[in-house]
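Please read the structure below before turning to the comments.
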Amino acid sequence: MARIDVVMPQMGESIAEGTMSRWLKKVGDAVKRDEPIFEISTDKVDAEIPSPTSGVLAEVLVTEGQTVPVQTVVARIETEAGAVAAVPAAAPPPSASAVAPVSAPSGGPPPKGESTAKSAAPSHPSTALAPAASQGGQRAPGAPAGNGGSMEERLRTKSSPLVRKIAAEHGIEIAGLHGSGIAGRVTKRDIMQVIESGGARTAAPRVAPSMHAPAAVEHHGPLPEPWAGDIVEPMSRIRALTAEHMALSRRTNAHVTSFFEIDLTRVARIRAKTRAEFEKQAGEKLTYLPFILTAVTAALKQYPILNASVSGANIIYRKQYNLGIAVALDWGLIVPVIKRADELSLVGLTRQLNDLANRARAKKLRPEEVQDATFTITNPGVFGSLMGTPIIPVPTTAILGIGAIEKRPKVIAGPDGEDTIAIRTCAYFSLSFDHRVIDGAVADQFLATVKRTLESYPEPSA
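Note that numbering that gives the first Met the number 0 gives residue 237 to position 238 of the sequence shown, counting from 1, and the numbers run on in steps of one.
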């Protein structure tokens, strides 16, 4: 018999840690190779992790709710000697102090008398990060000792590419921070806290983590307390991250929303006319959304400020058109990204949409598939919503909301110019935009272009 280590996988170059969301197997259960055995959550994506071999789950070393560095041994599988096929060697587990969870499963404060330094990562915006000099004796595994190596190398040992990117956009010097990660590594949660606290870089008293809200969400007034009979549950990882991102966006972007009603009757007719043949050839269901994506990418090329990012006093005009599509899941919201959408046909857009949505629901997305959106579209209309004011994802400048597509009586001009009432297929489109860099006139011109494109959509060539 042999025991095989199962490690916390690295779900992308910028991912340094993962949270054990749920065990799908328990100790003593038989597992097959490539059968999902646990779920993890990272900064980017939730995913099911398959077993590297067949056997019996012998040990579980990381409990649900714990956050540990990648390559940490989380379990061991007992298998017949020699039955393992090419299982990658796991890195040696970190020390006990290094494996301490970032957030305790209970979500509550540490036991009385226990050092708060061993508790979860700070979860209150007033908790500033201590200067790196206070931890001069520690270094990340594999990092050069002392002050050796270039500044770039030292920064890489203190943060991931994602964290460095966020820090650069907000003008924050990572070298002056000491984070909550191993050996002072600055995590995404840490950088969010610095941003939320106005970029403070001085030490502040640590506070016990709160189970009422995730990090980077500022409290005003006393926290609510549960009453008798209430149920108290800690936020899931995906809900906590969503809360952080939404709160950050409201504090960063100057939100304004415009609304247009768009007549989709022409698109509805084209869709009805070509649907059977399209689905036969493409093997995919044809919805309204690919038509809308085509119109949006064309309009973004005319109004590039809506496909941009704000970096301090600079504006970055993106040359890629990467459309984030919000997907509602039973456990939260995720935004997979269609990369270079302007290069895809109606068939290509449809296939990408369906593939990403299906894999999002099955927790099969890769981290890079939820990164680098330059513009986002959300479609609450599928639930019956007529209109809304969506929050702009950081670091983009706009998001489009699509309301319910339904038939309505409309006054239109007849063939002789007279007014007549007709039944038309319509929807309300809402555009939330960052008024710091996008003027209302430009936002409305963008929506008007989308409207004009959809209302005069060309018939497909024979």
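Even for Gly, the Cβ is constructed at its ideal location relative to N, Cα and C. If you're wondering where the values come from, they're calculated on a predicted model, not measured in any experiment.
- Here the alpha carbons of R360 and P303 stand approximately 32 Å from one another.
- One Cα belongs to I324, the other to A1, and the distance between them is close to 45 Å.
- In the structure shown, M191 falls within a helical segment according to DSSP collapsed to helix, strand and coil.
- Residue range P35 to S40 is occupied by the beta strand (DSSP E) that includes I36.
- Pairing D28 with L60 gives a Cβ-Cβ distance that is not under 8 Å.
- Residue range D418 to D433 is occupied by the beta strand (DSSP E) that includes F428.
- Taking every protein chain shown into account, the CB of Y316 has fewer than 16 other CB atoms within 10 angstroms, so this residue is exposed.
- Under the three-state reduction of DSSP output, T66 falls in the strand class.
- Look at the beta carbons and you see the segment 290-298 touching the segment 370-388: at least three pairs across the two are nearer than 8 Å.
- Boundaries of the beta strand (DSSP E) around E47: D45 to P49.
- The alpha-carbon separation between I165 and L343 amounts to approximately 29 Å.
- Sequence-distant Cβ neighbours of Q301 in its own chain, meaning closer than 7 Å and more than five residues away, are T448.
- According to the DSSP secondary-structure assignment, V449 is paired through a beta bridge with no residue.
- Between the alpha carbons of T78 and V69 lies a distance of about 23 Å.
- DSSP places G413 in no beta strand (DSSP E); its state is neither H nor E.
- When A46, A312, L399 and A403 are compared, the shortest CA-CA separation from T388 is found for L399.
- Excluding sequence positions up to five before and after E458, its CB lies less than 6 Å from no other CB in the same chain.
- Within the same chain, V346, T349 and R350 come within 8 Å of A281 by CB-CB distance, once the 5 residues on both sides are set aside.
- Note that the C-beta distance between F432 and L305 is below 8 Å.
- Here A312 is exposed. Its C-beta has fewer than 16 other C-beta atoms within 10 Å.
- The shortest C-alpha to C-alpha distance from R407 to any of D418, T424 and I401 is the one to T424.
- Three or more beta-carbon pairs separated by less than 8 Å link the segment 34-48 to the segment 18-25, which places the two stretches in contact.
- Between P414 and V44, the C-beta gap is not smaller than 8 Å, which leaves the two residues out of contact.
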